[in-house]
Amino acid sequence: MYTGNDAVVMGREKKEGILTAEQIKISFDSVKGRLVKEAVKEGDYVQKGQILMEIDPTDTDLSIEKLKAEIAVLDAQIKSAENEKNIAHFHADTSNVQSNRQIEQQQAAINSARATLKNREVDFERKNELFKSGAIARASVDDAIMALDVARANVMQQEEALRRLLAGANAGEMLPTIKEEHAKAENISNNIAALKSQKKQKEVALKELEVAKSRLTLRAPEDGKILSVLQKEGEMISPSVPVIILETDRLYYDIYVGEDVAANLKEGDRIRGYAVTNNKEVIGTVRLLSKAPGFADLRQTREKGQSDLSGFQIRIYTDAQEGIMAGLTIGVDASGLNQK
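Here the sequence shown is numbered in my numbering, starting from 12 and rising by one per residue.
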């Protein structure tokens, strides 16, 4: 049914494919700079995590040291501000205790002065009655009046002293001066929060730089063989531009089948093939099942009242096994396509 000598048609007729190793283009991730170390050469076999190349880290190291110094300064400022806040709260609390004691003492003085005033009022009333009855002289009444005036003046003096202590606050309220001291401490707390926020931002920036530094060292993403080194020491490296081509240990081959065969296959099916050179069995897994390029289809059948027939590409990844390498021709027969 299918004729021609192109690779697709031959693959459909013979169900054979060339075993190919997957290749990876390796690049530096989001960093740039001058390449200072080329740790591998073409043909080297590398293991996952092995260092392949390094970009000059000088600028990044300097930026990291600068950020660390700035963070250390912020730590010192935060510690100093916290000490200042604690001292402010201590002074406010101490002043509050002292003021409360003074207020209590002054209140006691007022109570004593009022008691004295009451006694002087009683004494004046008593002596005034005695004077009216002629029992005592006028001088005694005058003395009582003078003592009463002194007692009244003393009460007013003690009350004024209390008002000065309260400085406009009502009894039981925090004094304005103490409020100011607490407000000062709260302002320091706000400053500390701002400093901590700045520190957090710089810590995030530091982590970003440390990540960027780690990316200056290019490591093998998996085991494989170096096929090509595209950049040399001393050259400038751009972000995400391939610098190494790595041939992995993952092997696959493609075969092409018709619609009738493709309809019975699905991705994940196990396929039994064989190496054409030594007939060694090769087991693999279907990873891709898709319509083949247009030139693989059977054309010009609509003129005969028939629908075109499509070819399908099957990509099979082989299991790791000894003696199987890239470049071998792998064949698959009808029984192999039914292997699950």
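For glycine and all other residues, C-beta sits at the position ideal for the given N, C-alpha and C.
- As the crow flies, the alpha-carbon of Met167 is around 27 angstroms from that of Arg149.
- With a 10 Å radius around the Cβ and a threshold of 16 neighbouring Cβ atoms, Gln332 comes out exposed.
- Using a Cβ distance threshold of 8 angstroms, Leu238 and Leu85 do not count as a contacting pair.
- Residue pairing by DSSP puts Leu46 in a beta bridge opposite Ile66.
- Under the 10 Å beta carbon count, Val161 is surrounded by fewer than 16 other beta carbons and is classified as exposed.
- By the C-beta density criterion, Ala92 is buried, having at least 16 other C-beta atoms within 10 angstroms.
- Taken atom to atom, the span from the alpha-carbon of Val252 to that of Ala223 is near 16 angstroms.
- In this chain, the alpha helix (DSSP H) harbouring Ser151 covers 149-177.
- In the DSSP annotation of this structure, Val287 is not part of any beta strand (DSSP E), being labelled neither H nor E.
- Counted as a single uninterrupted DSSP element, the beta strand (DSSP E) harbouring Val268 occupies residues 253-268.
- Judged by beta-carbon spacing, Leu227 lies beyond the 8 angstroms limit of Ile35, meaning their Cβ atoms are not closer than that value.
- Within the model, the alpha-carbon separation for Met64 versus Asp55 is close to 13 angstroms.
- Inter-residue distance for Ser321 and Thr288 is about 30 angstroms (C-alpha atoms, whole angstroms).
- DSSP, reduced to helix, strand and coil, places Glu197 within a helical segment of the structure shown.
- Of all alpha-carbon atoms in Tyr264, Lys143, Pro304, Gln116, the one lying nearest the alpha-carbon of Thr296 is that of Tyr264.
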